[in-house]
Ligand SMILES: NC(=O)c1ccc[n+]([C@@H]2O[C@H](COP(=O)([O-])OP(=O)(O)OC[C@H]3O[C@@H](n4cnc5c(N)ncnc54)[C@H](O)[C@@H]3O)[C@@H](O)[C@H]2O)c1
């Protein structure tokens, strides 16, 4: 029997813990706050930002939101990032991607100070992750690690295949897994025999953006399969894994929706809290 991992339940537990910590911080007058920046009219981005803002308010944190029009210039967005970076009330800054094509996303992301980089996507945060130093880690890969921990899946010594090495998921996840003592193999679009790589793994994490890429031919019996992909189809959301075909083969598998997706938002809450704590420590040093 294959067990479906309930990411919604695990994420809810994390969000409740964050809300408790926020309530404690609020009693001493320190309320963490997240600033979301939405540029333009992408409907999916608007939905994602609305969900993040709801979660922030539900956790008892401050919601600072900025909207800029589709035709905003690099200077317009940079000015907003800089203003939020200088505001001591703002613990974390999230620039929702993708941005309209006239904007240089990397340059704008790199204006976010590391202590406020709740998405963990700045060059500085990527460096801190690679070096194993204190920093905020990208939400989706840290959500994958939290899911595996909640399920008590051992990472030390485990053979893990990470399929896809994008900046958002696969690459940072590889570092997180290595730090936890896993033996990690990274596969990608130029891997010649994907099944030969993934069939050796105890844990297969798939983050490619290729719908239904992974099926029974890729998975060793008893493996744990984590599906990071999200695809909108006329019949609802689906992932990078043909999960129905893995029934009876995988030991455990994450569903789409209800697997990694809710963990991403939960880890954003965790990162906002950590950012607030980090910011307060820095202020104490300066004072
Ligand atoms: N669940 C969530 O909250 C969440 C968050 C972020 C991203 N995602 C999803 O994760 C997926 C990956 O996101 P990303 O931004 O890292 O993607 P990306 O486009 O940056 O990287 C995709 C990677 O997949 C690899 N790839 C492409 N085709 C392949 C193939 N046929 N075989 C093996 N590897 C292949 C590429 O080499 C590349 O390394 C997307 O589906 C995205 O929607 C989900």
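Residue numbers (this note's numbering): 1 to 287.
All residues carry an ideal CB built from backbone N, CA and C; glycine is no exception.
What you are looking at is a predicted structure, and each value in this text was computed from that prediction instead of being measured.
Check	Outcome
Ligand 1 heavy atom lying under 7 Å from the CB of residue 237	no
Residue 169 beta carbon near ligand 1 (any heavy atom closer than 7 Å)	yes
Residue 8 - DSSP class collapsed to helix/strand/coil	helix
Close-in-space but distant-in-sequence residues of the same chain around residue 120 (CB under 6 Å, 5 per side omitted)	136, 137, 138
Residue 10 CB to nearest heavy atom of ligand 1 below 7 Å	no
Cβ contact (3+ pairs, closer than 8 Å) linking the stretch 14-23 and the stretch 34-53	no
Beta-carbon proximity list for residue 206, same chain, < 8 Å, skipping 5 on both sides	163, 164, 213, 214, 225, 226, 227, 228, 229, 239, 240, 241
Inter-residue CB distance, residue 159 and residue 202 (contact presumed, cutoff 8 Å)	5 Å
Cβ-Cβ distance between residue 193 and residue 2 below 8 Å	no
Sequence-distant residues of its chain with Cβ nearer than 7 Å to residue 18 (five each side left out)	59, 269, 270, 273
Whether residue 267 touches residue 146 by CB criterion (8 Å)	yes
For residue 249, three-class secondary structure by DSSP	coil
Boundaries of the alpha helix (DSSP H) in which residue 56 is found, first to last residue	43-58
Contact set for residue 257: own chain, Cβ-Cβ below 6 Å, skip 5 residues either direction	237
Where the alpha helix (DSSP H) through residue 142 begins and ends	139-150
For residue 200, three-class secondary structure by DSSP	coil
Any non-hydrogen atom of ligand 1 closer than 7 Å to residue 149 Cβ	no
Boundaries of the beta strand (DSSP E) in which residue 39 is found, first to last residue	33-39
Span separating the alpha-carbon of residue 254 from that of residue 195	19 Å
Proximity below 8 Å, CB of residue 10 to CB of residue 150	yes
Same chain only: Cβ atoms within 8 Å of residue 38, ignoring 5 sequence neighbours per side	45, 46, 49, 65, 66, 67, 68, 96
Bounding residues of the alpha helix (DSSP H) (the contiguous stretch that carries residue 286)	260-286
Beta-carbon separation (whole angstroms), residue 219 vs residue 198, contact threshold 8 Å	7 Å
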